[in-house]
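This report refers to the structure that appears directly beneath it.
Residue numbers (the numbering used here): 2 to 163.
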């Protein structure tokens with residue numbers, strides 16, 4: 002188990018393949034709290050838990066479960082994915098996310114841990130922001146510029162300006 006407290010920073014580049022008890026390898030539990038930060042590029046982790054204002058940038062590897070003991074006032078979990086990612090539903094509720102990691106195109110399939118109702122935190126998916134690949138961002142920016150140019154052109158014609 003790895004715990005990060007206060008303003009600490011954890012960077013995971015890779016781990017040995019995950020094996021359950023008794024062999025145990027990989028990272029069984031990775032827990033972040035306070036304002037700690039995680040950059041996760043690869044490896045294998047059974048459960049990632051975030052509390053308070055901790056944040057995680059997830060860019061690769063295998064993460065089986067995410068627990069978020071946080072309120073969704075802002076996103077705390079950033080998943081870098083290629084286009085085509087999707088939420089996984091179970092009984093009408095979002096219970097996970099699946100897709101391809103942006104960096105290497107490998108598959109990820111992460112489940113969100115359902116917390117007991119008495120804990121009163123927002124569901125984990127409400128703390129997730131999926132970061133699209135740069136090409137998607139470029140197309141979104143170009144679309145915004147075209148809409149702005151079209152709006153400006155329409156405004157000029159409406160006021161008799163050429």
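We put the beta carbon where it would ideally sit given N, CA and C, even for glycine. No experiment lies behind these values; they were computed from the predicted model shown.
### Task
Taking only the alpha-carbon atoms, compute the straight-line gap between residue 106 and residue 120 and give it to the nearest angstrom.
Computed Cα separation, rounded: 36 Å.
### Query
If you compare alpha carbons, which of 11, 19, 69 is closest to residue 128?
When each option's Cα is compared against that of residue 128, the closest is 69.
### Message
Here's a check: name, in chain order, each residue in its chain whose Cβ is nearer than 7 Å to the Cβ of residue 76, leaving out the five neighbours to either side.
### Response
Closer than 7 Å at Cβ, skipping near neighbours: 128, 129, 130.
### Query
In terms of alpha-carbon separation, which member of 114, 54, 34 lies closest to residue 6?
Ranked by Cα distance from residue 6, the first of 114, 54, 34 is 34.
### Query
Opposite residue 130 in the DSSP bridges: which residues?
Residue 130 is bridged by DSSP to 79.
### Query
To the nearest angstrom, how far is it from the Cα of residue 36 to the Cα of residue 73?
Roughly 15 Å between the two C-alpha positions.
### Message
With the cut-off set at 8 Å, would you say residue 45 and residue 60 are in Cβ contact?
### Response
No; because the gap between Cβ atoms is not below 8 Å, this pair is not in contact.
### Task
Classify residue 88 as helix, strand or coil using the three-state DSSP reduction.
Residue state, collapsed to three classes: strand.
### Task
Return the CA-CA distance between residue 108 and residue 100, expressed in angstroms with no decimal places.
Annotation: residue 108 to residue 100 spans about 6 Å, alpha carbon to alpha carbon.
### Task
Would you grab the beta carbon distance between residue 12 and residue 30 for me? Rounded to a whole angstrom, and I think it's under 8 Å.
Not quite, the Cβ-Cβ distance comes to about 17 Å (not below 8 Å), so this is no contact.
### Query
Are the beta-carbon atoms belonging to residue 97 and residue 111 less than 8 Å from one another?
Residue 111 is positioned such that its CB atom lies closer than 8 Å to that of residue 97.
### Message
Taking the beta carbon of residue 90 as the centre, do at least 16 other beta carbons fall within 10 Å, making it buried, or is it exposed?
### Response
By the 10 Å Cβ count, residue 90 comes out exposed.
### Query
What residue from 81, 2, 8 has the CA that sits closest to residue 19's CA?
For the residues 81, 2, 8, the minimum Cα distance to residue 19 belongs to 2.
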